[in-house]
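So the structure is just underneath, and the comments pick up after that.
2 protein chains.
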Amino acid sequence: MATETVENYIKAIYVLCRESPSGEAGVVRLAQEVDVTKGTATSMIKRLAKLKLVKAPRYSGITLTTMGKKVALDVLRRHRIIETFLVSTLNLDWADVHEEAERLEHALSPRTLDRLDEFLGRPSTDPHGDPIPSASGKVSELRGKALSAYIKGAKVEIVRILDQDRAFLKFVAQSGLKPGVCVTVQALSPEGDSITLQVKRGQSVTLSSSAAAKILARLQ
Amino acid sequence: MATETVENYIKAIYVLCRESPSGEAGVVRLAQEVDVTKGTATSMIKRLAKLKLVKAPRYSGITLTTMGKKVALDVLRRHRIIETFLVSTLNLDWADVHEEAERLEHALSPRTLDRLDEFLGRPSTDPHGDPIPSASGKVSELRGKALSAYIKGAKVEIVRILDQDRAFLKFVAQSGLKPGVCVTVQALSPEGDSITLQVKRGQSVTLSSSAAAKILARLQ
DNA sequence: TTCAAAAGTTTGACGACTCAAACTTTGTTG
DNA sequence: CAACAAAGTTTGAGTCGTCAAACTTTTGAA
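Top to bottom, those sequences are chains U and X.
Going by numbering that gives the first Met the number 0, 34 is the number at position 35 of the first sequence; the sequence numbering is gapless.
Going by numbering that gives the first Met the number 0, 106 is the number at position 107 of the second sequence; the sequence numbering is gapless.
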């Protein structure tokens, strides 16, 4: 079985591959993500390659093997189920939950995970709107487009927040922009590089377009 | 903060000190408990002594310092709250829960622990009847005597099972001898070294006295 | 096209934790 | 009380994960 550290690297590589247009992860970003020096990341990648979890040609991009993807989705499933539990059962703050799940995800047996999943009613997404991979390792990726892609007057439902940064999440939550919430696009300002949303009658929020790009929504 | 390994050693030392009449733990038993060789245990004890968690004169017994006890009770609190959750909320098997809690106890932040405790209604004992130390590090130790200490005809309530062995717990649970259950001492056989209990009308169980010594009860 | 900066790699070293095996001390018992 | 087993310790070595710093390759801008 993969060690805790190995699982963290694999999960980070998975996320980075999703984010990057080339579908490959880089050593420097990976090192940032798992919070080690790039030398350490390089040597870990060698171990991961030896374990057949990763393909990493010298001086080139990192990709997950089929086995690697399986591990990543398994960790992600654990992570997201735990986050859901922490928010919906223990009422922990939406923004604080990530780090906690980060530690718990490595300590949960398959049996306990399944019981927890059952207890939660087999949710399909976590509190950020991220899809929970199935036990067999399938994910139904995003059903929405970035807020910044909609036109003025569009009525949309927030479905997902693509960022785990605490400050950002705190801001988003404070503005009432959690998944499930419906908003109307009130104004778009390409020059000002911003977007204004009406959340409820009389309450509106203005986001930079880079922030709006990290919030996915779908037409309602 | 104490590492996971350190916490495990401290917890084991605490338990061994309780069990032993001298109030001291030995290296060989400790090594068994944490599943390492005795050489490894010795070198770890040195580290614990350097950390001021343990007093261990050369070739003599191991005892916890005040700080060590604090750590032990903290770990034990986490352990027992988690066990309670696993049994009462997730309905995991009473006997399986120990190993799971063993891993989870190191991954829980104080805040999450408190929320979990609150969710469970601030229980005072875990499913085995072991007392849960308070957040400030106080334990109210056992309120019962071994089953084997009662006389024929005594009506008693089971309060605690002093053993984490899976097979033993499985047997105990199957016999219906969980904490909270009331039983009557039907027969004592000093020669046969056994005790017979009536659990319900028409259902009785016979235990060896060594088994009965590990089950605590109080008069009802 | 060249050449610096960015990305990636290597090296040597360290701390935490472990083992096997040789060794020393303690305590029990014939 | 001698001797021997059990308990405890030491030694030398290995793995995992990490760092700092020197090094090599790639790449993108002048």
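Note that CB positions come from ideal geometry on N, CA and C, so glycine has one too.
**Study point:** L91(X): contacting residues in chain U (beta-carbon distance under 9 Å)
**Key:** R110, T111, R114
Check your understanding: Can a CB atom of chain X be found closer than 8 Å to the CB of E6(U)?
Key -> no
Review point. Would a C-beta distance cut-off of 8 Å place P126(X) and E82(X) closer than the cut-off?
Key: yes
Review point. Whose CA, out of A186(U), I160(U), P189(U), S193(U), lies closest to the CA of V180(U)?
Key: I160(U)
Review point. What residues from the region 117-144 of chain U come within 7 Å of chain X, judged by C-beta to C-beta, listed N to C?
Key: F118
Point to revise | Backbone CA spacing between L112(U) and D73(U) [nearest angstrom] | key: 11 Å
Review point. For the candidate residues Q219(X), P109(X), F118(X), whose alpha-carbon lies nearest to that of A153(X)?
Key: Q219(X)
Exercise for review: Report yes if the C-beta distance between V138(U) and R217(U) is below 8 Å; otherwise report no.
Suggested key: no
Practice item. Can you pull the chain U residues whose beta carbon is under 8 Å from the beta carbon of L103(X), in chain order? Key: L103, A106, L107
Exercise for review: Taking only the alpha-carbon atoms, compute the straight-line gap between E32(X) and G67(X) and give it to the nearest angstrom.
Suggested key: 17 Å
Review point. Where does A172(U) sit, in a helix, a strand or coil, going by DSSP?
Key: helix
Practice item. Would you check if there are 3 or more beta carbon pairs closer than 8 Å linking the region 25-43 of chain X to the region 2-17 of chain X? Key: yes
Review point. For T195(X), which residues does DSSP report across the bridge?
Key: A186(X), T205(X)
Review point. For the 8 Å Cβ check, are there 3 or more pairs between the region 105-124 of chain X and the region 94-105 of chain U?
Key: yes
**Study point:** Beta carbon of Y13(U) nearer than 8 Å to that of L63(U)
**Key:** yes
Practice item. List in chain order: all unbroken beta strand (DSSP E) runs of 3+ residues lying wholly within the region 121-160 of chain X. Key: 154-160
Check your understanding: Any idea what DSSP makes of K213(U), helix, strand or coil?
Key -> coil
Point to revise | Exposure label - A94(X); buried when at least 16 CB within 10 Å | key: buried
Practice item. For R77(U), count neighbouring C-beta atoms within 10 Å of its own C-beta (all shown protein chains included) and say buried if the count is 16 or more, exposed if not. Key: buried
Practice item. With DSSP as the reference, label K231(U) as helix, strand or coil. Key: A question about residue 231(U) goes unanswered here, because the residues of chain U that appear run from 0 up to 219.
Review point. Quick one: is L85(U) near chain X, going by C-beta distance under 8 Å?
Key: yes
**Study point:** Which residues DSSP lists as bridging A24(U), in chain order
**Key:** I61(U)
Exercise for review: List the residues of chain X whose Cβ lies closer than 7 Å to the Cβ of T39(U), in chain order.
Suggested key: Chain X residues near T39(U): none, gap ~19 Å exceeds 7 Å.
Practice item. Starting from V53(U), follow its DSSP beta bridges and name the residues at the other end. Key: L63(U)
Check your understanding: Whose C-alpha, out of K199(X), F170(X), L29(X), is nearest the C-alpha of V155(X)?
Key -> K199(X)
Exercise for review: Name the one or two DSSP bridge partners that L218(X) has.
Suggested key: V155(X)
Point to revise | Close Cβ partners of T205(U) (< 6 Å) along its chain, the five nearest in sequence each way excluded | key: S193, T195
Point to revise | alpha helix (DSSP H) segment containing R17(X), residue limits | key: 3-18
Exercise for review: Tell me where the alpha helix (DSSP H) around R102(U) begins and ends.
Suggested key: 96-103
Review point. Just how far apart, CA to CA, sit A145(U) and T65(U)?
Key: 29 Å
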